[in-house]
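J.:
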Amino acid sequence: MLRSITAVPLLLAAPVPTYAQDIPERHLNIPERHLAAREDHSVHITLNPYLWVPVVSGTTALGPLTVPVRVTPGDFAAGFRIGGMGCLAVDDGSRFAFADAVVVDYRNGNFRPFFGQALTSKVRFGQFGVGVHKSVSVGGRAVEISPYVGVQHLRIGSLVTGNLITATGDGDWTSPLAGVSASVPLRHNLRLDTEASAAGFGAFDTDYRNAQIALEWDVARRVAIDAGYRWAKGRYASVTGLALDLHAGGPTVGLRYRFAVGGR
1 MLRSITAVPL LLAAPVPTYA QDIPERHLNI PERHLAARED HSVHITLNPY
51 LWVPVVSGTT ALGPLTVPVR VTPGDFAAGF RIGGMGCLAV DDGSRFAFAD
101 AVVVDYRNGN FRPFFGQALT SKVRFGQFGV GVHKSVSVGG RAVEISPYVG
151 VQHLRIGSLV TGNLITATGD GDWTSPLAGV SASVPLRHNL RLDTEASAAG
201 FGAFDTDYRN AQIALEWDVA RRVAIDAGYR WAKGRYASVT GLALDLHAGG
251 PTVGLRYRFA VGGR
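In the working numbering, the protein residues as written are 1 to 264.
1) Tell me the DSSP secondary structure of Pro-272 in three-state form.
2) Exposed or buried, which one is Ile-165 when buried takes at least 16 other CB atoms within 10 Å?
3) Only counting the same chain, and skipping five residues up and downstream in sequence, which positions put a Cβ closer than 6 Å to that of Pro-73?
4) Counting Cβ pairs closer than 8 Å, one from the stretch 109-120 and one from the stretch 142-149, do we hit at least three?
5) Which residues bound the beta strand (DSSP E) around Phe-98?
6) When the distance is taken between beta carbons, is Arg-124 closer than 8 Å to Val-90?
7) Buried or exposed, going by whether 16 or more other CB atoms sit within 10 Å of the CB of Leu-246?
8) So, with DSSP's three-state summary, where would you put Phe-128?
9) With C-beta atoms as the reference, is Arg-258 less than 8 Å away from His-44?
10) Where do the ends of the beta strand (DSSP E) carrying Gly-250 lie?
11) If Val-160 and Pro-113 are in contact, beta carbons under 8 Å, what's the gap, nearest whole angstrom?
12) Quick check on the DSSP output: the beta strand (DSSP E) that includes Phe-80 runs from which residue to which?
13) Are the CB atoms of Asp-207 and Trp-173 within a distance shorter than 8 Å?
14) Residues in its own chain within less than 6 Å of Leu-28 by CB, not counting five upstream and five downstream?
15) Let me confirm a value: Gly-202 is counted as buried when at least 16 other C-beta atoms fall within 10 Å, else exposed. Which label applies?
16) Could you tell me the alpha carbon to alpha carbon distance between Tyr-50 and Ser-42, rounded to whole angstroms?
17) Between Arg-191 and Gly-249, what straight-line distance do the alpha-carbon atoms span, to the nearest angstrom?
18) Taking the beta carbon of Val-8 as the centre, do at least 16 other beta carbons fall within 10 Å, making it buried, or is it exposed?
19) Which one of Ala-97, Asn-48, Leu-47, Pro-68 has the shortest CA to CA distance from Leu-244?
20) Could you tell me if Thr-60 is buried or exposed, where buried requires 16 or more neighbouring beta carbons within 10 angstroms of its beta carbon?
21) Does DSSP classify Asp-75 as helix, strand or coil?
22) State the beta-bridge partners of His-153 as determined by DSSP.
23) Tell me whether Leu-177 is buried or exposed, calling it buried when 16 or more other Cβ atoms sit within 10 Å of its Cβ.
24) Do you know whose CA, among Ile-145, Val-132, Asn-110, lies nearest Asn-163's CA?
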């Protein structure tokens, strides 16, 4: 991820304005999974491993040295060693908590975006938060809106070696996070999901925006698959260490496994 180039791209998504009017729950097509949780007082857990394959462009800097970069999925695959992306969510039908993480270890002896220098990088990205589910009507259609707040943390360690330069760069950023997701039922087993989030808001040396749209299809009682597109832009500043100013966009695909715990 060029650490900052290779892993950061895997972490971004931004807001979509929604205008809604509250109406009684009994008149809404509330998702069956949330109605069940409310009625039997159970807690539902969702495991969501996913893959985002973006093209990343922008600049990365090590102290006074700034380099324009463009990283393709092929560049990333050439040095990928170990890692993954996934989200864990816990909800009771009305409230939820979540943890979203990206872990990447990367090593490439001939990293094209850095003029063929060798690159070793480790990226650790996490988002943690809590939110509420709210059922509303938009244009006569039942929509579930889920605003949330939380914390975002990104840590990157990189080493570049070669004939042109040998340098190390570390970055560590923690900032507040806010976002909202919306789920629109299209059929009984098909939904349109959108999500937008932001972190840092220009303070804390961080300014992050992220937006995503996907179709989610229930293929079994507890299993769904989703596919869509994700866009993100992040600026992570540092005077002496690693600094990033990147934007990324590309397709996503994921698997969701949901099960209940407790209840009557």
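We put the CB at the ideal spot given by N, CA and C, even for glycine.
T.: According to the data block:
1) Limits of the chain in this structure are 1 at one end and 264 at the other, which puts residue 272 out of reach.
2) Residue 165 sits at position 165 when you count from the first residue of the sequence shown. It counts as exposed.
3) Taking the sequence shown and counting its residues from 1, the one referred to as residue 73 is at position 73. Answer for Pro-73: Val-53, listed in chain order.
4) no
5) The residue given as residue 98 occupies position 98 in the sequence shown. Taken as a continuous stretch (DSSP letters only), the beta strand (DSSP E) holding Phe-98 covers 95-111.
6) Position 90 of the sequence shown, counted from the first residue, corresponds to residue 90. Position 124 of the sequence shown, counted from the first residue, corresponds to residue 124. No, the pair does not count as a contact, with Cβ atoms beyond the cut-off.
7) As a first step, residue 246 is located in the sequence shown; it is residue number 246 there, counting from the start. Flag for Leu-246 reads buried.
8) Mapped onto the sequence shown, residue 128 falls at position 128. Three-state DSSP puts Phe-128 in a strand.
9) By one-based count along the sequence shown, residue 258 stands at place 258. By one-based count along the sequence shown, residue 44 stands at place 44. Contact: yes.
10) Walking along the sequence shown from the start, residue 250 turns up at place 250. Gly-250: member of the beta strand (DSSP E) spanning 242-261, first to last residue.
11) Residue mapping note: residue 160 aligns to position 160 of the sequence shown, counting from 1. Residue mapping note: residue 113 aligns to position 113 of the sequence shown, counting from 1. So it is not a contact: roughly 11 Å between Cβ atoms.
12) As a first step, residue 80 is located in the sequence shown; it is residue number 80 there, counting from the start. Its beta strand (DSSP E) spans residues 80-91.
13) Position 173 of the sequence shown, counted from the start, is the residue given in the question as residue 173. Position 207 of the sequence shown, counted from the start, is the residue given in the question as residue 207. Here Trp-173 is not near Asp-207, since their CB atoms are 8 Å or more apart.
14) Counted from its first residue, the sequence shown places residue 28 at position 28. With a pLDDT of 42 at Leu-28, under the threshold of 50, the modelled position of this residue cannot be trusted; read the value that follows with caution. So the list reads Ser-135, Ala-142, once near-sequence residues are dropped.
15) Your numbering for residue 202 matches position 202 in the sequence shown. Exposed, because fewer than 16 other Cβ atoms sit within 10 Å of the Cβ of Gly-202.
16) Locating residue 50 in the sequence shown gives position 50, counting from the first residue. Locating residue 42 in the sequence shown gives position 42, counting from the first residue. Straight-line Cα distance between these residues: approximately 26 Å.
17) By one-based count along the sequence shown, residue 191 stands at place 191. By one-based count along the sequence shown, residue 249 stands at place 249. So the alpha carbons of these two residues sit roughly 22 Å apart.
18) Here residue 8 is taken as the residue at index 8 of the sequence shown, counted from 1. Unreliable positioning characterises Val-8 in this predicted model, as indicated by a pLDDT of 37, which lies under 50. A coordinate reading is not provided.
19) As a first step, residue 244 must be located in the sequence shown, where it is residue number 244. Residue Pro-68 is the option with its Cα nearest to Leu-244.
20) Position 60 of the sequence shown holds residue 60. It counts as buried.
21) For the purposes of this step, residue 75 is taken as residue 75 along the sequence shown, with counting starting at 1. Residue state, collapsed to three classes: helix.
22) The count along the sequence shown starts at 1 and reaches residue 153 at position 153. His-153 is bridged to Gly-126, Thr-174.
23) Position 177 of the sequence shown holds residue 177. With 16 or more Cβ atoms within 10 Å of its Cβ, Leu-177 is classed as buried.
24) As a working mapping, residue 163 is identified with position 163 in the sequence shown. Of Ile-145, Val-132, Asn-110, the residue nearest in Cα terms is Asn-110.
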